[in-house]
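This report refers to the structure that appears directly beneath it.
Residue numbers (the UniProt record's numbering): 1 to 159.
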């Protein structure tokens with residue numbers, strides 16, 4: 001007579017990365033370098049070195065997310081300010097879409113920081129099988145997908 005709908009048990013989300021506690025010393029040192037080497041400098045028109053950092057795939061999604069959050073920049077207005085269509089910025093935060101040079105400069109201008117602030121010299125494009133489709137709070141995404149960087153810059157990536 002009555003049909004009861006059973007709620008399916010929640011399936012755990014696939015692990016996007018390993019917990020810091022289970023990381024090797026080298027992996028923890030790498031994460032520490034990314035978190036302590038961050039130096040936010042006020043916006044200035046980018047120079048050739050900054051263009052080369054961008055072209056080499058040195059942008060760090062985690063830095064983009066952190067600066068957007070710190071400035072309370074949310075929603076479609078961010079995409080518009082960067083000359084992109086939603087959900088481009090969400091995909092930048094996930095590392096699945098690499099911004100063009102013009103979009104990178106617009107993002108830096110919006111955030112009030114230099115382009116080099118969005119980069120790290122040890123960053124390199126890396127493929128991740130379980131990359132999320134958008135940034136996840138508390139998840140440090142340190143690289144862009146190699147195919148995403150190549151699609152925009154034409155540069156071959158290392159991994």
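Built from N, CA and C at the ideal position, the CB exists for glycine as well.
Take the alpha-carbon of residue 99 and the one of residue 92: they are about 7 Å apart.
Secondary structure at residue 61: helix, using DSSP grouped into helix, strand and coil.
Annotation for residue 55: the continuous alpha helix (DSSP H) segment containing it runs 48-55. The residue among 133, 104, 24 with its C-alpha nearest the C-alpha of residue 153 is 104. Distance from the CA of residue 116 to the CA of residue 22, rounded to the nearest whole angstrom, comes to 31 Å. Residue 66 is positioned such that its CB atom lies no closer than 8 Å to that of residue 141.
Residue 49 and residue 156 have their alpha carbons spaced roughly 19 Å apart. Proximity to residue 129 across 120, 147, 30 peaks at 147, based on C-alpha coordinates.
Under the three-state reduction of DSSP output, residue 87 falls in the coil class, being neither helix nor strand.
For residue 31, the closest C-alpha among the options 63, 97, 145, 74 is that of 63.
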